[in-house]
Amino acid sequence: MRVRFVLSQIGNGLRRNLAMGISVVLVTFISLTFVGAAVLLQTQINNMKDDWYDRVEVSVFLCPQTSYAPTCAGGEVTEDQMAQIESVLESEALSSYVDTVYVETKDQAFAAFQSQFGDQGWAQRITVDQMQLSFRVKLHDPEQYQVVADELSGREGVEEVVDQRQILEPLFLILNRTTILSAGLAALMTVTAVMLITTTIRLSAMSRSRETSIMRLVGASNLFIQLPFMLEGAIAALLGALLAIGGLWLAVRYLVEDWLAESVRWVNFVDTTDVLTVAPILIAIGIGLAGISSLVTLSRYTKV
Amino acid sequence: MVPVVRNVFFPHCRDWPLAHVIRLEKVSKVYARGARPALDQISLEVERGEFVFLVGASGSGKSTFLRLVLREERPTSGSVFVAGRDLSKISQWKVPHLRRQIGTVFQDFRLLHNKTVFENVAIALQVIGKPRHHVMTTVPETLDMVGLAGKEKRMPHELSGGEQQRVAIARAFVNRPVILLADEPTGNLDPTTSVGIMRLLDRINRTGTTIVMATHDDEIVDQMRKRVVELIDGQMVRDQARGVYGAPR
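Chains A and B, in that order, give the protein sequences. When you read off a place in the first sequence, starting at 1, and then add 37, the result is the number in my numbering. When you read off a place in the second sequence, starting at 1, and then add 901, the result is the number in my numbering.
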């Protein structure tokens, strides 16, 4: 009897406030889509970092035969200078940051160069001797690049310290900015959603105030009176969350998996599995929003 | 020595003396600071099964009295005991349990216009979680008792004022409360219809239900010859067994 009664109350409420109910669904839908997009973007960034930071290294380029760098005034790097640089890399100050170090010989550099540019005419004229020796340093944490750079730049024999990570930085910057934008919109829409749900529940409570007062009079418990209103909000928010999940799923399925992943093969993109991982979070947020809104509103409008 | 029975309202609580269903101890109620009190130092005991008329002009404090018993208001000072429980000491979430023991009837009926007669009465059982079969048997029984058999499917606006008040009484009584509070139940009804309503209330009283009825219908009070408590400006000026409306002090 109880369940049936509560359900009929909810049905009545939703029917009476259909337009408001739909607007709650839509607002939750949009706000949660932004929340989900922000989470997926961060997932994407983490994917890429995991993927690429494993491979990126700090390259310590040593002085070649001819260089205009002041530290290379003495000509090509000598064995002594190399030994000294190596000892710095293995010193206590750096060893906690440095994972592995290896030397890229001129031959290796030449091979890499040829494989990249070998098919172009001008590359044919480059000789092994024109290549540059370098230390390739892999860090435990690629973000700690600056420590190594500070320690080595300016030493005799070091022409330049280059962080490969810097090549990726602009991309991460864009992705991070997009996340912030998305999160900002999500926050804004969430506030809107809370206010709209609050207003909807308040209207619903006021339009049923006579019924509510009679229910109180005959001894209905607080929970019993408030439950239909709460569930109304929760159902609307749940629908919104499901729409948001559906929207994100479609976007990832057709935009990312079918299109982006096909055309840009060297990036590990988020997929629909990630959307399904985000789904419970979105549902929880949606229902949480409705719950908070109802608690705030109902304590004022349906007091025993 | 007062006999003691099991406290059926709050079974887990101390047993309470049989006699007093409602007891007020020096109860005052002031709505606005500095204003004249709506109730002023009222002490009163209503015994189980009694029928009490609360008489007095509008604004004499009758409704405040009823609201205090329902715990819609709290007294400014003094204590209100209902069913042996100090209302100032019961927690907010127990208030619904208190109200399940009290039926209430108003001058304006307070029916739900979009629900049938049956639904209007059934709601009192549904909201306290009574099982369906209980609702299906008790509601027709009660409607039969108040004289509305066969009108279950009518809507309130299709009924006369007297019939609407019977629906309201059925709703108040369907849960077999121990106390029935009536706030001018005949206020909107013509004298003949009022007599019918009073007969009904009298019948309910005979089932052992305590009835407190606020009214300024002198004819009814004079006819019934029940206990009369008179309030003037919030003060109790008379408490008379088998009294009349305008009895000499």
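The beta-carbon is built from N, C-alpha and C at its ideal position, and this holds for glycine as well. Since the structure is predicted, the reported quantities are computational estimates derived from the model, not experimental observations.
Which one or two residues does DSSP pair with V135 (chain A) in a beta bridge?
-> Per DSSP, A:L176.
Does the Cβ-Cβ distance between K963 (chain B) and A1115 (chain B) come in under 7 Å?
-> Annotated as proximal: K963 (chain B) and A1115 (chain B), with beta-carbon spacing under 7 Å.
Do S331 (chain A) and G270 (chain A) have their CB atoms nearer than 7 Å?
-> S331 (chain A) places its beta carbon less than 7 Å from that of G270 (chain A).
Residues of chain B with a CB under 9 Å from the CB of L275 (chain A): which are they?
-> Contact of L275 (chain A) with chain B by beta-carbon distance below 9 Å is absent, the smallest such distance being about 25 Å.
Inter-residue spacing [alpha-carbon to alpha-carbon] between V1130 (chain B) and L955 (chain B) = Spanning the two alpha carbons is a distance of roughly 5 Å.
Taking just the CA atoms, how far does L212 (chain A) sit from E196 (chain A)?
-> Going from the Cα of E196 (chain A) to the Cα of L212 (chain A) covers about 32 Å.
If you draw a straight line from the alpha carbon of S959 (chain B) to that of G1088 (chain B), how long is it in whole angstroms?
-> The alpha-carbon atoms of S959 (chain B) and G1088 (chain B) are separated by roughly 12 Å.
State whether the segment 220-238 of chain A contacts the segment 130-137 of chain A, with contact taken as three or more CB pairs (one from each stretch) at a distance under 8 Å.
-> Contact fails between the segment 220-238 of chain A and the segment 130-137 of chain A, because fewer than three Cβ pairs, one in each stretch, are under 8 Å apart.
Length of the line joining the Cα atoms of D91 (chain A) and I59 (chain A) = Between D91 (chain A) and I59 (chain A), the alpha-carbon positions lie close to 48 Å from each other.
Quick one: using the 10 Å Cβ neighbour count with 16 as the cut-off for buried, is F966 (chain B) buried or exposed?
-> By the 10 Å Cβ count, F966 (chain B) comes out buried.
Within the chosen definition, does the segment 63-70 of chain A reach the segment 146-163 of chain A through at least 3 CB pairs nearer than 8 Å?
-> Not touching, per the Cβ criterion.
Sequence-distant residues of the same chain with beta carbon closer than 7 Å to S190 (chain A), five excluded per side = Here S190 (chain A) has V198 as same chain residues with Cβ atoms under 7 Å from its own Cβ, once five neighbours each way along the sequence are excluded.
With 8 Å as the C-beta to C-beta threshold (strictly closer), list the residues of the segment 242-260 of chain A near chain B in chain order.
-> Hits within the stretch, in order: R247, E248, S250, I251, M252, R253, L254, V255, G256, A257, S258, N259.
How about the segment 968-986 of chain B and the segment 1009-1029 of chain B: do they share at least three Cβ pairs that are nearer than 8 Å?
-> In short, these stretches do not touch, since the Cβ pair count stays below three.
For R937 (chain B) and D1103 (chain B), believed in contact at Cβ under 8 Å, the rounded distance | Rounded, the Cβ-Cβ distance is 35 Å, inconsistent with contact.
DSSP on G48 (chain A), reduced to helix/strand/coil?
-> Collapsing the DSSP output to three states places G48 (chain A) in a helix.
So which residues of chain B does R39 (chain A) contact, with C-beta pairs closer than 8 Å?
-> Result: Q1027, G1030.
Quick one: Cα of Y182 (chain A) to Cα of D200 (chain A), how far?
-> Roughly 7 Å separates the two Cα atoms.
Using a C-beta cutoff of 7 Å, does F42 (chain A) count as contacting chain C?
-> Absent from the structure is chain C; the protein chains it does hold are A and B.
Out of curiosity, what's the CA-to-CA distance linking T70 (chain A) and E1059 (chain B)?
-> If you draw a straight line from the Cα of T70 (chain A) to the Cα of E1059 (chain B), it comes to about 51 Å.
Is the segment 305-323 of chain A close to the segment 202-217 of chain A, with three or more CB pairs under 8 Å?
-> The segment 305-323 of chain A makes no contact with the segment 202-217 of chain A, as fewer than three CB pairs between them are under 8 Å.
Proximal chain A residues relative to H998 (chain B), where beta-carbon distance stays under 9 Å = Around H998 (chain B), the beta-carbon contacts reaching into chain A at under 9 Å are G256, S258.
Interfacial residues, the segment 1096-1109 of chain B to chain A, with Cβ spacing under 9 Å = Within the segment 1096-1109 of chain B, no residue has its Cβ closer than 9 Å to any Cβ of chain A.
What's the gap between the Cα of R1000 (chain B) and the Cα of A75 (chain A)?
-> The C-alpha of R1000 (chain B) lies about 50 Å from the C-alpha of A75 (chain A).
Just reading off the beta strand (DSSP E) that G979 (chain B) is part of, what are its end residues?
-> Unbroken beta strand (DSSP E) run through G979 (chain B): 978-983.
Between W286 (chain A) and the ligand MN, is the CB less than 6 Å from at least one heavy atom?
-> Absent from the structure shown: the ligand MN. Ligands present: none.
Q1141 (chain B) in three-state terms, based on DSSP | DSSP places Q1141 (chain B) within a strand segment (E or B) once states are collapsed to three.
Segment contact flag, the segment 1030-1041 of chain B with the segment 1087-1101 of chain B, C-beta cutoff 8 Å, min 3 pairs = Segments in contact, no.
Does the beta-carbon distance from F172 (chain A) to V138 (chain A) come in below 7 Å?
-> Against a cut-off of 7 Å, the Cβ pair of V138 (chain A) and F172 (chain A) comes out as a contact.
Under 7 Å between C-beta atoms, does E948 (chain B) make it to chain A?
-> No, E948 (chain B) does not count as interfacial toward chain A.
To which residues does DSSP link D1084 (chain B) through a beta bridge?
-> DSSP lists B:F1007, B:A1115 as partners of D1084 (chain B).
So, is A1050 (chain B) buried or exposed, given that buried needs 16 or more other C-beta atoms within 10 angstroms?
-> Exposed: under 16 other Cβ atoms inside 10 Å.
Measure the Cβ-Cβ separation of L78 (chain A) and T216 (chain A) and say whether it is below 7 Å.
-> Cβ atoms of L78 (chain A) and T216 (chain A): closer than 7 Å.
Endpoints, the beta strand (DSSP E) within which S241 (chain A) is located | Boundaries for S241 (chain A): no beta strand (DSSP E) harbours it, while the alpha helix (DSSP H) harbouring it runs 202-244, taken from the DSSP string.
Between the Cα of Q121 (chain A) and the Cα atoms of A:V185, A:M243, A:F266, A:E193, which residue gives the shortest distance?
-> Check the Cα spacing between Q121 (chain A) and each of A:V185, A:M243, A:F266, A:E193: the tightest is with A:E193.
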